[in-house]
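Below is one structure, written out as structure tokens, with a few remarks after it.
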Amino acid sequence: MATTDRQASTLALAHALSAAERGLAVIPLSRTKLPALRSPHRPAHSSTPVPPPCHGECGRFGHGVYDASTDPRRIRELFAAAPWATGYGIACGVHPHHLIGVDLDTKSGTDSSAALRELALRHLFTIPETVVVVTPSGGRHLWLTGPPDVAVPNSASRLAPGIDIRGAGGYLVGPGSRTDHGAYTAAPGTSHLHPAPCPPALLRLLLPPPRTGPSRTTDGQGNGHGLVHFVLTAQEGQRNTRLFWAACRAYENGLGPELAGALLEAAVRTGLTEREARSTIASAARMARGGG
Numbered sequence: 204m205a206t207t208d209r210q211a212s213t214l215a216l217a218h219a220l221s222a223a224e225r226g227l228a229v230i231p232l233s234r235t236k237l238p239a240l241r242s243p244h245r246p247a248h249s250s251t252p253v254p255p256p257c258h259g260e261c262g263r264f265g266h267g268v269y270d271a272s273t274d275p276r277r278i279r280e281l282f283a284a285a286p287w288a289t290g291y292g293i294a295c296g297v298h299p300h301h302l303i304g305v306d307l308d309t310k311s312g313t314d315s316s317a318a319l320r321e322l323a324l325r326h327l328f329t330i331p332e333t334v335v336v337v338t339p340s341g342g343r344h345l346w347l348t349g350p351p352d353v354a355v356p357n358s359a360s361r362l363a364p365g366i367d368i369r370g371a372g373g374y375l376v377g378p379g380s381r382t383d384h385g386a387y388t389a390a391p392g393t394s395h396l397h398p399a400p401c402p403p404a405l406l407r408l409l410l411p412p413p414r415t416g417p418s419r420t421t422d423g424q425g426n427g428h429g430l431v432h433f434v435l436t437a438q439e440g441q442r443n444t445r446l447f448w449a450a451c452r453a454y455e456n457g458l459g460p461e462l463a464g465a466l467l468e469a470a471v472r473t474g475l476t477e478r479e480a481r482s483t484i485a486s487a488a489r490m491a492r493g494g495g
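The numbering used here numbers the first residue of the sequence shown as 204 and each following residue consecutively.
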């Protein structure tokens with residue numbers, strides 16, 4: 204390994220440990236921005252059956268963002284297992300920050316910053332002062348935090364052309380990382396900041412509309428049976444997000460108090476605990492009131 208790579212690896216580890224001190228879970232990245240450790244379950248031959256998904260339950264390294272940790276000892280072990288790592292990734296959507304990354308790309312031929320400003324004007328929200336990371340191409344990553352009971356999905360240009368979202372199961376390249384295209388750096392005046400809460404109006408835009416279910420928020424009698432059905436048909440992994448979306452729609456349409464009990468019962472029937480469901484509905488109520 205060249206001297207510059209050894210230095211980059213040492214610096215990446217130092218930056219990763221510093222991020223972990225702020226409660227950010229990290230993993231080592233290669234110069235390609237991909238996780239530095241190969242999956243231990245990757246088939247050796249194309250004819251080998253693909254093993255069932257593992258998110259680290261096997262105890263070995265190589266599970267991408269699921270390896271992310273804030274434990275200094277584990278972070279050092281991860282980097283020791285990947286001495287070629289020259290950067291680090293920060294896991295999104297995990298405790299305590301539940302990070303949401305807004306990636307404003309410059310390579311798509313669109314003005315993503317202008318697109319975000321237009322969205323802010325149209326939907327009446329303001330991007331708060333927060334951590335901003337500048338990419339080697341001149342793009343920017345805005346760090347925001349979300350509610351603990353809502354899983355914001357990853358997306359590419361769904362919000363607007365050139366705007367990608369890093370949410371649950373995704374990661375952001377941390378400042379101080381070096382890649383084949385250059386270094387990631389904190390924008391001047393933002394490195395000392397804490398990630399700011401995502402504006403409620405923007406958070407609603409980040410949650411996808413239902414693929415199935417009602418085309419309107421209420422049925423002909425205005426009692427919201429469609430929203431309750433939408434919650435009842437949630438699969439594992441989407442129960443909280445569906446409940447939050449439905450509760451937001453109910454409160455926005457003045458049906459929150461009327462539907463809260465039915466939504467709670469539906470959520471519990473899908474497998475959520477009553478405590479989880481009540482917390483999610485309360486978050487939706489606060490958001491509808493503009494309280495975040």
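All C-beta atoms in this analysis are idealised placements derived from N, C-alpha and C, irrespective of residue type, glycine included.
Query, Result
"The beta strand (DSSP E) spanning alanine 359 covers which residue range?", "358–363"
"When DSSP labels each residue in this structure, what does proline 351 get in the three-state scheme?", "coil"
"Got a sec, what are the start and stop residues for the alpha helix (DSSP H) tyrosine 374 sits in?", "Note, tyrosine 374: premise wrong, no alpha helix (DSSP H); beta strand (DSSP E) at 374–376."
"Who are the near neighbours of glutamate 461 in its chain, counting only those whose CB is closer than 7 Å to its CB and skipping five residues on each side?", "none"
"Which residues share a DSSP beta bridge with tryptophan 346?", "Gly304"
"When the distance is taken between beta carbons, is alanine 271 closer than 8 Å to isoleucine 230?", "yes"
"Histidine 244: which of Glu468, Arg445 and Arg263 sits nearest, CA to CA?", "Arg263"
"Determine, using beta-carbon pairs with one atom in the stretch 273–284 and one in the stretch 310–324, whether at least three such pairs fall under 8 Å.", "no"
"Straight-line CA distance for leucine 466 to valine 434?", "7 Å"
"By how many angstroms is the C-alpha of arginine 241 removed from the C-alpha of leucine 214?", "22 Å"
"Is aspartate 383 buried or exposed, if buried means 16 or more other CB atoms sit within 10 Å of its CB?", "exposed"
"Just the C-alpha distance for proline 484 and threonine 476, rounded to the nearest angstrom, thanks.", "Note that residue 484 is isoleucine in the sequence shown here, rather than proline. Cα to Cα, the separation comes out at about 12 Å."
"Just to confirm my understanding: we take arginine 445, look at its own chain, exclude 5 residues before and 5 after, and list those with CB closer than 7 Å. What are they?", "Phe433, Val434 and Ala437"
"If you run the structure through DSSP and keep just helix, strand and coil, what is serine 272?", "strand"
"Which one of Phe447, Tyr269, Val376 and Leu406 has the shortest CA to CA distance from lysine 236?", "Val376"
"Of the residues Leu409, Asn443, Ala285 and Pro356, which one's Cα is nearest the Cα of serine 486?", "Asn443"
"Would a C-beta distance cut-off of 8 Å place valine 335 and alanine 390 closer than the cut-off?", "yes"
"Go ahead and pull the three-state DSSP assignment for tyrosine 503.", "As displayed, the chain neither begins before 204 nor continues past 495, which places residue 503 out of reach and without an answer."
"Along the beta strand (DSSP E) that carries valine 431, what are the first and last residues, could you check?", "Where valine 431 is concerned, there is no enclosing beta strand (DSSP E), although the alpha helix (DSSP H) it sits in stretches over 428–435."
"Where does threonine 483 fall in DSSP's three states?", "helix"
"DSSP beta-bridge partners for valine 229?", "Ser272 and Ile293"
"In angstroms, rounded to a whole number, what distance separates the CA positions of glycine 385 and proline 286?", "19 Å"
"Looking at C-alpha atoms only, which residue of Ser212, Val268 and Ala228 is the closest neighbour of proline 299?", "Ala228"
"Is the separation between the beta-carbon of alanine 363 and that of leucine 319 shorter than 8 Å?", "yes"
"Would aspartate 367 be called buried (16 or more neighbouring beta carbons within 10 Å of its own) or exposed?", "buried"
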